[in-house]
Amino acid sequence: MFNEVYDVIVVGAGHAGSEAAAAAANMGSKTLLITMNLQNIAQMSCNPAMGGIAKGQIVREIDALGGYSGIVSDTSAIQFKMLNKSKGPAMWSPRVQSDRMRFAEDWRMLLENTPNLDFYQEMVSGLIIENHKVVGVKTSLGITVKAKTVVLTNGTFLNGLIHIGDKNFGGGRAGERAATGITEQLVDLGFDSGRMKTGTPPRVDGRSLDYSKMVEQPGDDVPQKFSFLDITKPLIEQRSCHMTYTSPEVHDLLREGFERSPMFNGRIKSLGPRYCPSIEDKINRFADKDRHQLFVEPEGWNTVEVYVNGFSTSLPEDVQFKALRSVAGFENVKFFRPGYAIEYDYFPPTQLQHTLETKLIDGLYFAGQINGTTGYEEAASQGLMAGINASLKVQEKEAFTLSRSEAYIGVLIDDLITKGTEEPYRMFTSRAEYRTLLRQDNADFRLTPKGYKIGLASEKRLKRMEEKQKASDNFVQFFRDTSVKPEEINPILDANDSSLMKQSDKMFKIFARPNITIDDMRKVESVNDYIVDNNLDDEVIEQAEIQVKYSGYIEKEKNNADKLSRLENIKIPKDFDYSKLKSMSMEAREKLNKIQPVTISQASRISGVSPSDVSVLLVYMGR
Amino acid sequence: MQSIYYFCGMIQNDTIIALATPSGAGAIAVIRLSGIDAVKLVSENFQSVTDGKKLSSQKTHTIHLGHIVDGKKTMDEVLVSIFKNPHSYTGEDVIEISCHGSPYIQQEIIQLFLRKGCRMANAGEFTLRAFLNGKLDLSQAEAVADLIASDNEASHQIAMQQMRGGFSSEIAKLREELLNFASLIELELDFAEEDVEFADRTQFSDLIDRIIFVLKRLIDSFAVGNVIKNGIPVAIVGEPNVGKSTLLNALLNEERAIVSEIAGTTRDTIEDEISIGGIGFRFIDTAGIRETQDVVETIGIKKTFEKIEQSQVVIYLFDVSNSIEKLDQVSVEIWKIKNKYPQKPLLIIANKIDKLDDNQLASLQETIPEVKLLSAKTGFGVEQLTNSLLNLINTGALRNNETIVTNTRHYDALLKAFEEIQKVKHGLDSGLSGDLMAIDVREALYYFGLITGEVTNDDLLGNIFANFCIGK
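Put into structure tokens, the structure is as follows:
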């Protein structure tokens, strides 16, 4: 059936697989997307939302590079919020509530309209390897498909085991079967594998809830959006979420089921994420807290199904049901499906290169939960990078990687391949050294030129970014060049409790003061005239404001990042043998031999490698 | 992640400083600066004897007489040598300041430049830079690597030794407080959506004030601490010819020239300053306390007790080769000292043990159980003695329960941490957003990390997950 040799085969069509397939195909690679069920492309297996703190920045980065997650997030959004708006601009984090079904549908439509992309529904049960190089895949029906590269994005499906109370059964997601064969083959090939755990809460019938007992949580008054392109528009109408709380009574009911909980009776052995604990874990670990927040999130514009965020659980379904019925507003709740925990195989990501290609098998890439991460955004960004690099490899072009000072995606991948992860890895802003540089507002400045260069981001995208940059730079320069007289600015300063001016001065200095916003500055006639004359939109104005107000910090981090890049430039030869470096500690030699860092900088981030070990390494790498 | 700052410095040619001559007292000492601002920094703090002569406009490989000044205060008369890149040891701009040899002056000058923006050089860093700039042959790589590794180990050991007792626990506590502070800030940044109680600004202010208070005290303790300034007075009680000067030379490590003589006119007391493990010790020679009829020597005994009175440590040194038959007499003298100064740490040292046979050795150890064996000539027991001296510092035997910073590297780190903390305080006062304050907090944490070991972002997240119920 398959006679041609594909450039790229993507196995799995979740967030990682969909981005990988789209990127590879858009870059001109003949691509095949194989998944077990084509009805389930780009499923949101857990909460119906995209973005959030640090994650929203990642979606913006994906969009800036030319991925699809931002566009789909916009078209399927039912609510938009810019989180952390009261903090500095590096913390502003976009998040949408999504229409789960529309999200998947829009993704499928986008993929179907992507040139060079074929689809096939089957379970891939093995890889075809020749001389440590992947040359295709085998399916469970015995079909073989040839390919130059393969991207594995198996999510939670590899030997997935679902737990609900004392019952457990194989499955990759509720109602879908697990994938078998691949782990075993990879382990035979010499890969290390491990198990991880995650969980999801019950979905319930929204018509059975009493929202009057909950607190309404509406979206932003002025919603924004993810994509830097103008093909999507901000929401006009929005749906609200609701918030309610558990109680001591609920906790008591949950505790009754503890002995049948796979979390506590030892049936689940693998590690789940500390920042996404199940409800039983929360009441067990934080016993002094007598209530926990629950967020009731609609699953779409039209469906009555709602998602009970905060109630992730693997307790028996009767316990889940009884306990949830004691929650305010849930007295008459009807379940659509109970919550469950799932264990699955992953491959410690230290076995990967920065391109997400495995060190062991040439042409084989891993992306998403198979690498021990959690989250749609983390998965999607890895898929994008794997798809890009698989495509570049086929085209025999230089690999594409992002540094820690360029993107959260860079931080994510570098953390994974350098440090590995013991629990499902989620992005936090505090994982980034230079978060002031990695803002959601400038993801296009940072990444669109790069995305364009590799042939992924469109010319239109680049043009838009360049126009925005030029307009905002000019506006900043206007503040640097233009003075304001005390009589004009002092009333504004006075109103903001800011010290008054004695003589004319450049407006940049005044604007840079805390408490002085663009709205204040607009009261100065020349500023308002400039905005009107140049027809500046909100995005440009906001960009200029950020650059003026935070210039000191941005400069400081830029300088630090520049210093870092010097270390990034000192490359370590491939397959360097550290065991001969006797002046280095034994632990450092072992770790370095295992991880094989590409640069001195990466070496310094490996745990167990001390500054003195790096000094020694520096000496060997010479000048 | 934090260690990256460390290497950035190396690559960045930031200006480093260190004593180039062995630490301790000598006739002169050489302080070396290397890096991009070396000439500028020294120039700004140098007053030539020739009016109006600016160091910054002088040629390479020239020497200039003048004074190191801190504002209006003159610190020392010095000779400054200029080596401009690439014709210097490191290949960068290098300044060598030849100053007078007192540890006090050395430290004052180094501290001045640390305040002006220099960084204390890491172990082997001058050599490393020389190598990286192509000043050393590639075949020397192994040697340089070994040097760095061993120097690091040595300096680490010394630092660890100095960190026992009050200092380390105080620093650890301070770091924990700061980590807490950082975690609280990160909590409200990364977990703004969570149902946890965020610290308010007053709590932050209190925490920062407390950190500033302790930091300031620690920094001041270095500035005023007698330890580095004057050295710890150690009285050496012993007859002439028991080997005092041989011992001092052994402590000074072989090849070093002998020692300054501070009160040199009358021969009754000679003071020698020696730095051991970065701590100054002032050795005071005394005549011994052997009972005698001689009037002059009786006066000598009185003087000896005066010196013991002024000292913080007493070393009783005797020549075991000629007193092995008179150990009773030695015991009596030891008892006298102990009886008179029961609180004063006393080290009893038998010198010239290379001249004893096994039986004599056994009898010595039986008669005086706490005796330490030494052969100043062969070097046997010298290391044990230096360890004993350092142990007295570390166990707090010489302190009044007050934590004193004694290590210049620690001082440097504390100073830099203090600067960053000041910025945090300013940020708090002006209502700065947490993500921006976090930049300064992270740098402060890095400087603490230089003293206590590494700190990583994972620490912050671990701290948050351990203390707060996070996650929907």
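Protein sequence lines, in the order shown, are assigned to chains A and B. For the record, in the first sequence the residue sitting at position 39 is 39 according to this note's numbering, with numbers rising by one throughout. For the record, in the second sequence the residue sitting at position 422 is 1422 according to this note's numbering, with numbers rising by one throughout. All C-beta atoms in this analysis are idealised placements derived from N, C-alpha and C, irrespective of residue type, glycine included. Given the structure is predicted, the values throughout are model-derived calculations rather than measurements.
Selection from the options that minimises the alpha carbon distance to residue i
{"i": "I1349(B)", "options": "P1342(B), S1323(B), D1200(B), H1064(B)", "result": "S1323(B)"}
{"i": "Q224(A)", "options": "D281(A), R291(A), Q440(A), L360(A)", "result": "Q440(A)"}
{"i": "F1281(B)", "options": "L1361(B), S1102(B), H1064(B), A1130(B)", "result": "S1102(B)"}
{"i": "Y211(A)", "options": "I268(A), V598(A), H242(A), L110(A)", "result": "H242(A)"}
{"i": "V598(A)", "options": "A432(A), M521(A), D281(A), E568(A)", "result": "E568(A)"}
{"i": "E1239(B)", "options": "E1333(B), D1014(B), E1197(B), I1232(B)", "result": "E1333(B)"}
{"i": "H1067(B)", "options": "R1210(B), I1109(B), N1241(B), L1432(B)", "result": "I1109(B)"}
{"i": "A1182(B)", "options": "S1205(B), F1283(B), T1304(B)", "result": "S1205(B)"}
{"i": "F321(A)", "options": "E256(A), S227(A), N113(A), V215(A)", "result": "E256(A)"}
{"i": "S86(A)", "options": "G1449(B), L1128(B), L1347(B), S1433(B)", "result": "S1433(B)"}
{"i": "Y307(A)", "options": "W301(A), T313(A), N116(A), E297(A)", "result": "E297(A)"}
{"i": "I1315(B)", "options": "E1420(B), P1233(B), N1085(B), S1430(B)", "result": "P1233(B)"}
{"i": "L1374(B)", "options": "A1250(B), L1179(B), D1285(B), P1086(B)", "result": "A1250(B)"}
{"i": "F336(A)", "options": "E305(A), Q353(A), G329(A)", "result": "E305(A)"}
{"i": "L324(A)", "options": "H292(A), T350(A), T303(A), D345(A)", "result": "H292(A)"}
{"i": "L33(A)", "options": "D414(A), K549(A), P218(A), G387(A)", "result": "G387(A)"}
{"i": "A1029(B)", "options": "A1038(B), A1018(B), I1036(B), D1037(B)", "result": "A1018(B)"}
Beta-carbon proximity of residue i to residue j, cut-off 8 Å
{"i": "G126(A)", "j": "K138(A)", "result": "yes"}
{"i": "K133(A)", "j": "Y6(A)", "result": "no"}
{"i": "V616(A)", "j": "M584(A)", "result": "yes"}
{"i": "I342(A)", "j": "I162(A)", "result": "yes"}
{"i": "A20(A)", "j": "G383(A)", "result": "yes"}
{"i": "T418(A)", "j": "R203(A)", "result": "no"}
{"i": "M44(A)", "j": "I143(A)", "result": "no"}
{"i": "M507(A)", "j": "T482(A)", "result": "yes"}
{"i": "V1080(B)", "j": "L1055(B)", "result": "yes"}
{"i": "N389(A)", "j": "T355(A)", "result": "yes"}
{"i": "Q1047(B)", "j": "T1408(B)", "result": "no"}
{"i": "K55(A)", "j": "M427(A)", "result": "yes"}
Chain A contact for residue i (CB, 8 Å cutoff)
{"i": "D1435(B)", "result": "yes"}
{"i": "E1193(B)", "result": "yes"}
{"i": "I1016(B)", "result": "no"}
{"i": "D1200(B)", "result": "no"}
{"i": "I1439(B)", "result": "yes"}
{"i": "V1431(B)", "result": "First, the residue type needs correcting, since residue 1431(B) is Gly and not Val in the sequence shown. Yes, because at least one Cβ of chain A sits closer than 8 Å to the Cβ of G1431(B)."}
{"i": "L1178(B)", "result": "no"}
{"i": "N1463(B)", "result": "no"}
{"i": "G1189(B)", "result": "Checking the sequence, you will find Leu at residue 1189(B) rather than Gly. Judged by the 8 Å Cβ criterion, L1189(B) is in contact with chain A."}
Which of helix, strand or coil DSSP assigns to residue i
{"i": "D340(A)", "result": "The displayed chain sequence assigns Tyr, not Asp, to residue 340(A). Residue state, collapsed to three classes: strand."}
{"i": "P486(A)", "result": "helix"}
{"i": "A16(A)", "result": "helix"}
{"i": "Q217(A)", "result": "strand"}
{"i": "G170(A)", "result": "strand"}
{"i": "D519(A)", "result": "helix"}
{"i": "A1362(B)", "result": "helix"}
{"i": "K146(A)", "result": "strand"}
{"i": "Q293(A)", "result": "strand"}
{"i": "E305(A)", "result": "strand"}
{"i": "R207(A)", "result": "helix"}
{"i": "V243(A)", "result": "Residue identity check: residue 243(A) is Met in the sequence provided, not Val. Three-state DSSP puts M243(A) in a strand."}
{"i": "E1261(B)", "result": "Legend: pLDDT at E1261(B) = 36, less than 50; position of this residue unreliable, no value from coordinates given."}
{"i": "I1289(B)", "result": "coil"}
{"i": "M91(A)", "result": "helix"}
Test: residue i CB closer than 8 Å to a CB of chain B
{"i": "P348(A)", "result": "no"}
{"i": "T599(A)", "result": "no"}
{"i": "I53(A)", "result": "yes"}
{"i": "Q293(A)", "result": "yes"}
{"i": "E557(A)", "result": "yes"}
Alpha helix (DSSP H) runs wholly inside the stretch 505-571 of chain A, at least 4 long, in chain order:
507-511, 518-521, 525-533, 538-549, 551-568
At 3 residues or longer, and completely inside the stretch 252-301 of chain A: list those beta strand (DSSP E) runs for me, N to C.
293-298
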